[in-house]
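Have a look at the structure below, then the notes.
Chains as they are written, first to last, in the numbering used here: chain A, 7 to 359; chain B, 7 to 359.
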């Protein structure tokens with residue numbers, strides 16, 4: 007099982023991918039530790055500038071000579087009318103007050119054209135730095151970008167939440183496809199399916215996708231130990247992508263309050279929210295998700311709401327206060343452990359041998 | 007694997023349980039065919055009167071000498087204020103008009119005390135008829151009822167959607183617990199967890215429950231073929247309960263329009279709705295679920311809304327019109343086949359040998 011098609015395409019001994027959690031979790035130390043242990047470490051570069059992206063890549067290279075990967079967010083057009091943005095901002099004032107945050111007097115919300123420009127620059131950096139693997143979330147890059155990447159020895163991974171999305175990934179030229187089950191923590195990667203329709207459990211999703219694509223399927227969502235890996239392979243996956251299991255590792259850059267919250271959580275503490283960013287994501291319910299419940303369907307689209315909540319998330323982190331942090335987690339927090347990447351990988355690799 | 011603890015407790019060679027789909031799907035022919043093939047056929051008696059329950063049991067006995075089971079709905083107190091019921095009824099008039107159904111001039115909605123009385127009578131019938139296995143959905147019966155059942159050689163199965171619910175089932179004396187993943191078709195069985203919190207994918211749910219209970223875990227939701235069975239066992243289940251896979255079998259009593267709809271559906275056609283019954287359930291989206299989307303959070307609780315939509319569902323069925331039928335399905339409809347129970351069971355049993 008060890009040396010299957012997915013592992014071959016990724017150039018690694020074990021088809022275990024560390025999920026590219028954006029927002030500071032995927033430190034160069036985490037990424038390198040996973041790659042050094044025979045898996046694929048992944049930099050979550052979705053929120054990085056092109057310059058930061060280059061620095062992070064170079065830092066990883068100093069810590070490992072093994073293949074690693076990077077994930078980019080594909081920019082999507084979004085709608086955020088000025089009055090909606092103002093109303094959403096206003097709504098956050100009472101929460102800002104609880105954290106002693108002074109409301110911003112002027113707001114700079116991102117523009118699609120800037121995001122697209124930055125994405126193109128990141129792709130250039132990936133090519134120049136010869137990153138072995140590049141994955142995409144929130145949709146497919148343009149044909150032009152894919153063609154450009156394909157002129158280099160870079161393995162491409164797409165993300166899908168339904169059979170249709172997986173088929174589109176294959177048609178577009180992705181070498182592998184990550185299928186994100188409804189169990190997965192963090193942001194949903196659906197780009198064709200609606201929110202509810204995209205919410206398919208892995209036990210249903212893997213075999214239905216495996217029946218419809220030729221490229222290797224990498225399963226993501228709720229996989230934490232050898233049981234999840236074996237089950238994913240039984241269902242037709244050739245690899246797994248694991249986020250929460252790596253998030254609580256010593257090498258991860260997740261805030262210690264976030265790690266502790268995951269280690270203490272039960273599966274029924276985990277909910278879906280779009281209050282933090284304007285895009286549906288899975289995490290531990292807290293004061294923020296509770297207070298925003300009524301409002302969350304009306305907040306501006308990603309990434310505008312993400313910008314609006316930035317000061318709140320930062321203050322909550324600075325104050326070691328879990329109440330207003332985005333505590334992303336998949337649906338298996340009871341299986342999370344405080345351990346090193348080497349310890350985790352040892353257990354996982356044993357399942358594949 | 008064939009003769010594990012779950013199979014032993016159920017008195018059957020293969021721990022494959024046919025889900026007790028209520029509402030006419032589980033004909034005596036279906037139940038008997040599953041039991042005769044070495045699995046456990048289950049009568050869905052949730053909507054039956056005590057007399058109908060007895061007749062159905064006796065009909066099954068004429069077709070098989072093998073163990074079979076029955077499922078009862080545990081009655082829950084519900085709230086349905088007269089004006090809410092009237093408003094919900096009114097709201098259905100435009101849909102009734104599309105089916106040429108004359109709106110009811112007087113409404114008889116169920117009362118909790120009647121439902122409880124009927125449930126107790128059903129339990130008596132189960133005991134008198136010596137049904138080998140009895141399962142429960144929508145909660146746990148009273149201690150009194152469980153004690154009564156336990157004086158007889160009846161294996162008891164509870165339903166859980168979270169670890170807490172599974173632990174409560176074990177404490178209450180259930181011999182096995184069905185864990186219902188978010189993939190499952192039909193009604194949700196949560197009774198402690200809220201709707202959103204109870205919505206856990208099997209890949210996350212099975213190992214977390216298996217780590218916290220001693221009784222055998224039976225996995226339910228999206229399992230359609232040998233892949234799903236093998237995966238469930240890898241995750242820690244000792245048995246599987248399959249609904250949609252049996253629904254499209256020749257012996258099932260599902261309407262041919264319902265069977266055809268499942269056979270044609272994709273995973274992203276499947277949604278959650280509470281518009282049909284007042285309780286969240288998973289099925290294929292159709293004109294009814296679309297037209298009721300805005301309204302569904304306001305309809306009266308189960309089973310009141312179920313009573314209100316009865317004439318609509320019946321007329322839609324009579325007219326072979328899928329638009330207003332409750333087309334329950336799990337999240338794996340692409341794996342459904344038009345086949346006999348014997349053909350399906352042959353494939354499944356091969357996975358266990």
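Every residue, glycine too, gets a C-beta built ideally from N, C-alpha and C.
Should residue i be flagged as near chain A, meaning a C-beta pair shorter than 7 Å?
| i | result |
| --- | --- |
| residue 285 (chain B) | no |
| residue 168 (chain B) | yes |
| residue 203 (chain B) | yes |
| residue 21 (chain B) | no |
| residue 210 (chain B) | yes |
| residue 194 (chain B) | no |
| residue 337 (chain B) | yes |
| residue 214 (chain B) | yes |
| residue 189 (chain B) | yes |
| residue 199 (chain B) | yes |
Taking the C-alpha atoms as reference points, what is the distance between residue i and residue j?
| i | j | result |
| --- | --- | --- |
| residue 245 (chain A) | residue 149 (chain B) | 46 Å |
| residue 313 (chain A) | residue 116 (chain A) | 8 Å |
| residue 159 (chain A) | residue 42 (chain B) | 57 Å |
| residue 345 (chain B) | residue 182 (chain B) | 29 Å |
| residue 319 (chain B) | residue 342 (chain A) | 45 Å |
| residue 305 (chain A) | residue 331 (chain A) | 17 Å |
| residue 277 (chain B) | residue 220 (chain A) | 27 Å |
| residue 298 (chain A) | residue 247 (chain A) | 30 Å |
| residue 356 (chain A) | residue 44 (chain A) | 12 Å |
| residue 65 (chain B) | residue 34 (chain B) | 6 Å |
| residue 236 (chain B) | residue 251 (chain B) | 16 Å |
| residue 55 (chain A) | residue 349 (chain B) | 57 Å |
| residue 31 (chain B) | residue 165 (chain B) | 19 Å |
| residue 280 (chain A) | residue 77 (chain A) | 21 Å |
| residue 267 (chain A) | residue 179 (chain B) | 33 Å |
Could you confirm whether any beta carbon from chain B is found closer than 7 Å to the beta carbon of residue i?
| i | result |
| --- | --- |
| residue 304 (chain A) | no |
| residue 207 (chain A) | yes |
| residue 340 (chain A) | yes |
| residue 17 (chain A) | no |
Just reading off the alpha helix (DSSP H) that residue i is part of, what are its end residues?
| i | result |
| --- | --- |
| residue 38 (chain B) | 34-42 |
| residue 210 (chain A) | 208-216 |
| residue 240 (chain A) | 232-241 |
| residue 313 (chain B) | 310-314 |
| residue 77 (chain B) | Looking at the DSSP string, residue 77 (chain B) is not in any alpha helix (DSSP H); the run it does join, the beta strand (DSSP E), is 74-79. |
| residue 162 (chain A) | Run containing residue 162 (chain A): none in the alpha helix (DSSP H); it sits in the beta strand (DSSP E), 161-166. |
| residue 340 (chain B) | Note, residue 340 (chain B): premise wrong, no alpha helix (DSSP H); not H, not E. |
| residue 254 (chain A) | Unbroken run through residue 254 (chain A): none, as it is neither H nor E. |
| residue 61 (chain A) | 56-69 |
Count the other CB atoms within 10 Å of the CB of residue i; is the residue buried (16 or more) or exposed (fewer)?
| i | result |
| --- | --- |
| residue 326 (chain A) | exposed |
| residue 118 (chain A) | exposed |
| residue 68 (chain A) | exposed |
| residue 217 (chain B) | exposed |
| residue 322 (chain B) | buried |
| residue 8 (chain B) | Note that residue 8 (chain B) scores a pLDDT of 47, beneath 50, so its modelled location is shaky and nothing firm can be said. |
| residue 1 (chain B) | The question about residue 1 (chain B) has no answer, for chain B in this structure spans 7 to 359. |
| residue 87 (chain A) | exposed |
| residue 53 (chain B) | exposed |
| residue 109 (chain B) | exposed |
| residue 111 (chain A) | exposed |
| residue 311 (chain B) | buried |
| residue 96 (chain A) | exposed |
| residue 201 (chain A) | exposed |
| residue 274 (chain A) | buried |
| residue 262 (chain A) | exposed |
Within the 7 Å Cβ cut-off, does residue i reach chain D?
| i | result |
| --- | --- |
| residue 160 (chain A) | Looking for chain D here will not work: the only protein chains present are A and B. |
Check for me: the beta strand (DSSP E) holding residue i runs from which residue to which?
| i | result |
| --- | --- |
| residue 114 (chain A) | No beta strand (DSSP E) contains residue 114 (chain A), which DSSP labels as neither H nor E. |
| residue 186 (chain A) | 182-186 |
| residue 198 (chain A) | Residue 198 (chain A) -> no beta strand (DSSP E), and no H or E assigned at all. |
| residue 142 (chain B) | 139-143 |
| residue 96 (chain A) | No beta strand (DSSP E) holds residue 96 (chain A); the alpha helix (DSSP H) holding it covers 88-97. |
| residue 49 (chain A) | 47-50 |
Point to revise | Near-chain A residues of the stretch 267-294 of chain B - C-beta to any C-beta below 9 Å | key: 272, 273, 274, 275, 276, 277, 278 and 291
Exercise for review: Determine which residues of the stretch 221-244 of chain A have a Cβ less than 9 Å from any Cβ of chain B, and write them out in chain order.
Suggested key: Taking 9 Å as the cut-off between beta carbons, the residues of the stretch 221-244 of chain A near chain B are 225, 227, 228, 229, 230, 231, 232, 233, 234, 235, 236, 237, 238, 239, 240, 241 and 242, in sequence order.
Practice item. Pull out every residue of the stretch 59-90 of chain B whose Cβ sits closer than 9 Å to any Cβ of chain A, in chain order. Key: none
Review point. Name the residues in the stretch 47-59 of chain A whose C-beta lies less than 8 Å from a C-beta of chain B; which are they?
Key: none
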